[in-house]
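Q: The structure that follows is given in the form of structure tokens.
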Amino acid sequence: MSKQFDVIVIGAGPGGYIAAIRAAQLGFQVACIDEWTNAAGGAAPGGTCTNVGCIPSKALLQSSEHFDHANHHFAEHGISTGNVKMDVAKMIARKDNVVKQNNDGILYLFKKNKVSFFHGRGSFVKAVEGGYEIKVAGKAEETLVGKQVIVATGSNARALPNVPFDEVNVLSNDGALRVGAVPKKLAVIGSGVIGLEMGSVWRRLGSEVTILEGLPTFLGAVDEQIAKEAKKAFDKQGLKIELGVKVGEIKTVKKGRNTEVSIAYTNAKGEEVKLDADKLIVSIGRVPNTNGLNVEAVGLQLDERGAIVVDGDCKTNLPGVWAVGDVVRGPMLAHKAEEEGVAVAERIAGQHGHVNFNTIPWVIYTSPEIAWVGRTEQQLKADGVKYKAGSFPFLANGRARALGDTTGLVKFLADAQTDEILGVHIVGPMASELIAEAVVAMEFRASAEDIARICHAHPSLSEATKEAALAVDKRTLNF
Ligand code: FAD
Ligand code: NAI
Numbered sequence: 001m002s003k004q005f006d007v008i009v010i011g012a013g014p015g016g017y018i019a020a021i022r023a024a025q026l027g028f029q030v031a032c033i034d035e036w037t038n039a040a041g042g043a044a045p046g047g048t049c050t051n052v053g054c055i056p057s058k059a060l061l062q063s064s065e066h067f068d069h070a071n072h073h074f075a076e077h078g079i080s081t082g083n084v085k086m087d088v089a090k091m092i093a094r095k096d097n098v099v100k101q102n103n104d105g106i107l108y109l110f111k112k113n114k115v116s117f118f119h120g121r122g123s124f125v126k127a128v129e130g131g132y133e134i135k136v137a138g139k140a141e142e143t144l145v146g147k148q149v150i151v152a153t154g155s156n157a158r159a160l161p162n163v164p165f166d167e168v169n170v171l172s173n174d175g176a177l178r179v180g181a182v183p184k185k186l187a188v189i190g191s192g193v194i195g196l197e198m199g200s201v202w203r204r205l206g207s208e209v210t211i212l213e214g215l216p217t218f219l220g221a222v223d224e225q226i227a228k229e230a231k232k233a234f235d236k237q238g239l240k241i242e243l244g245v246k247v248g249e250i251k252t253v254k255k256g257r258n259t260e261v262s263i264a265y266t267n268a269k270g271e272e273v274k275l276d277a278d279k280l281i282v283s284i285g286r287v288p289n290t291n292g293l294n295v296e297a298v299g300l301q302l303d304e305r306g307a308i309v310v311d312g313d314c315k316t317n318l319p320g321v322w323a324v325g326d327v328v329r330g331p332m333l334a335h336k337a338e339e340e341g342v343a344v345a346e347r348i349a350g351q352h353g354h355v356n357f358n359t360i361p362w363v364i365y366t367s368p369e370i371a372w373v374g375r376t377e378q379q380l381k382a383d384g385v386k387y388k389a390g391s392f393p394f395l396a397n398g399r400a401r402a403l404g405d406t407t408g409l410v411k412f413l414a415d416a417q418t419d420e421i422l423g424v425h426i427v428g429p430m431a432s433e434l435i436a437e438a439v440v441a442m443e444f445r446a447s448a449e450d451i452a453r454i455c456h457a458h459p460s461l462s463e464a465t466k467e468a469a470l471a472v473d474k475r476t477l478n479f
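Take the sequence shown: its letter number 194 is residue 194 in the UniProt record's numbering, and every next letter is one higher.
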């Protein structure tokens, strides 16, 4: 006998678990299926984000930042620490505990919202009258029928051709988050978000980190001025980033009792180089995941990248089947997945769920942090938009000086005629938090003048945001 639901969600990452909770809040009978299993064999909902993505990476970034501060910044405050040591096993255990708290939190939320959770792999069996039959293959096998199905099966790390992840020497994001000891030499391929964040973690802990990037431009999607400022800071920290390289053969070689990785590449000058490293992180993007979903059984359409084809409302080619998050087009970000999950649940309820793709913030959690929303200066130029720019350096911000972190700036881009904010770009301390004001402003279609006229607390980093807005009209007060 199959169990009947109004809504079945496949995947309990940020897209899926949020969609399930919102659908339950709207009064539907909801099932959520997820196959992620922890080391003890239990369910670990939360997806990539919770288990091997956003949360554990930020836990390690935090630990490594404390270590870096203790080593390099405490002394200027008059704090002497002596020889600072890092217990990597303890750091990893703390990270695992943070992950577990989040897994448990989601299970609690499912209970609280009366979402029925199934631990196992969900797959399409067939379309039935008024819905779809879904099989759950877990410890036991179950059959569910849902009137509506939301697919939120996420993404997987992309491997280099012929270089599979062994998670010992050649690491995906998964292995990169559970390295047992500080590698002496760490190589990273891809200077995108993961490369920079994970490269920063291990550099702070003492690894000699070399990041090899295929493109000749550093962080091409970021505003050029901001990317340049960030690169300067990373260079100063000793994060070695080589742009415009062509990666060749990658071999694992035995070195005594250990194995190492040897990476051959051609550098931007055309020279052949060989880089030996204890570990290699390959972070060259992610691929949508529909493994084991049995999309063929119902004819769910995928594009050439393997992503589920959806329209602007996350509707697939099948009636009553929706897809959200990394498995569909658009930026692979947890908050984008969540917004789509909420919007789909509301659309199923006949409401007007809405996601504004123009105001999705991006954050790179390096030090300095990089955050932005809206268009970059180079995009505005390419689009032929007439704009005004204003920026303000953290060097002139009192709170930043008190913090001892004056790297970077806030930059506003506003329409030349209407003054509407078109983009805000930040590199510097707490950029991840500061960007929220810009997102709110853009969501309300505020002008730079609106921000310039709002009272901001003193002393706070947010005053740099106000001053950058004032700079659009060339009237900064503190610079
Ligand atoms: P996922 O989180 O991938 O979840 C999909 C879930 O579906 C998984 O639990 C999987 O087990 C399950 N599943 C798949 N197929 C089936 C099936 N057939 N049956 C049952 N279950 C199935 N984004 C940010 O916004 N901020 C960050 O700081 C950030 N940091 C990141 C750091 C790293 C190292 C990585 C790798 C990613 C990071 N991301 C970050 C991206 C973020 O993790 C993803 O955008 C987000 O997890 C996507 O959510 P999702 O729900 O679409 O998919
Ligand atoms: P990415 O797309 O951010 O960066 C990949 C980089 O690898 C690019 O610069 C690309 O030019 C380069 N590259 C690709 N192929 C290459 C090759 N063969 N040789 C050398 N360089 C090559 O992808 P990444 O870092 O793997 O992260 C995946 C996604 O996960 C991100 O796009 C983002 O959506 C998400 N993420 C978000 C985070 C955040 O929001 N803070 C943190 C980490 C990941």
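We put the CB at the ideal spot given by N, CA and C, even for glycine.
Spatial neighbours of E271 within its chain, please: CB distance less than 8 Å, with the 5 preceding and 5 following residues excluded, ordered by chain position.
A: Within the same chain, E271 has no close Cβ partners at all.
Q: Short check: CB of E142 to CB of F118, under 9 Å?
A: yes
Q: Tell me the rounded alpha-carbon separation between A23 and N317.
A: 21 Å
Q: Please list the terminal residues of the continuous alpha helix (DSSP H) segment that includes I226.
A: 224-237
Q: Check the C-beta distance from A468 over to S367 and give it rounded, since I have them as a contact under 8 Å.
A: Separation of the CB atoms of A468 and S367 is rounded to 20 Å, and the pair is thereby denied contact status at 8 Å.
Q: Please classify M1 as buried or exposed, where buried requires at least 16 neighbouring CB atoms within 10 angstroms.
A: M1 is exposed by the Cβ-count criterion.
Q: By the DSSP assignment, the alpha helix (DSSP H) with R49 in it spans what residues?
A: Looking at the sequence provided, one finds Cys at residue 49 rather than Arg. 47-52 is the extent of the alpha helix (DSSP H) around C49.
Q: Flag P331 as yes when its Cβ comes closer than 8 Å to any non-hydrogen atom of the ligand NAI, and as no otherwise.
A: A distance criterion of 8 Å places the beta-carbon of P331 in contact range of the ligand NAI, judged by its closest non-hydrogen atom.
Q: Closest to N289 by C-alpha separation, out of T48, F28, S200, would be which residue?
A: T48
Q: Can you pull the DSSP bridge partners for L413?
A: A389, G423
Q: Within 10 angstroms of its Cβ, does N83 collect 16 or more other Cβ (buried), or is it exposed?
A: exposed
Q: Cβ of S191 within 8 Å of any heavy atom in the ligand FAD?
A: Placement of the Cβ of S191 at a distance of 8 Å or more from every heavy atom of the ligand FAD is found.
Q: Between N38 and the rest of its own chain, which residues show a CB-CB distance below 6 Å, the 5 nearest in sequence each way excluded?
A: A44
Q: Which runs of the beta strand (DSSP E) at least 3 residues long sit entirely within the region 289-377? Give them in chain order.
A: The region 289-377 contains these whole beta strand (DSSP E) runs: 321-323, 362-364, 369-374.
Q: Between which two residues does the alpha helix (DSSP H) holding A471 run?
A: Bounds of the alpha helix (DSSP H) holding A471 are 462-472.
Q: Rounded to whole angstroms, what's the CA-CA distance from E463 to S155? Just pull it up for me.
A: Straight-line Cα distance between these residues: approximately 38 Å.
Q: Along the chain, which unbroken stretches of the beta strand (DSSP E) at least 3 residues long are found entirely within the region 154-202?
A: 155-157, 185-189
Q: State whether the region 11-28 contacts the region 47-64, with contact taken as three or more CB pairs (one from each stretch) at a distance under 8 Å.
A: Enough Cβ pairs lie closer than 8 Å, so yes.
Q: At a cut-off of 8 Å, would you count C455 as near the ligand NAI, judging by its Cβ distance to the nearest heavy atom?
A: It does not: the Cβ of C455 is nowhere closer than 8 Å to a heavy atom of the ligand NAI.
Q: Alpha carbon to alpha carbon, what distance is there between D166 and G180?
A: 15 Å
Q: Our contact map puts E369 next to S432 with C-beta atoms below 8 Å; I'd like the distance itself, whole angstroms only.
A: Yes, they are in contact, since the Cβ atoms of E369 and S432 sit about 5 Å apart, within 8 Å.
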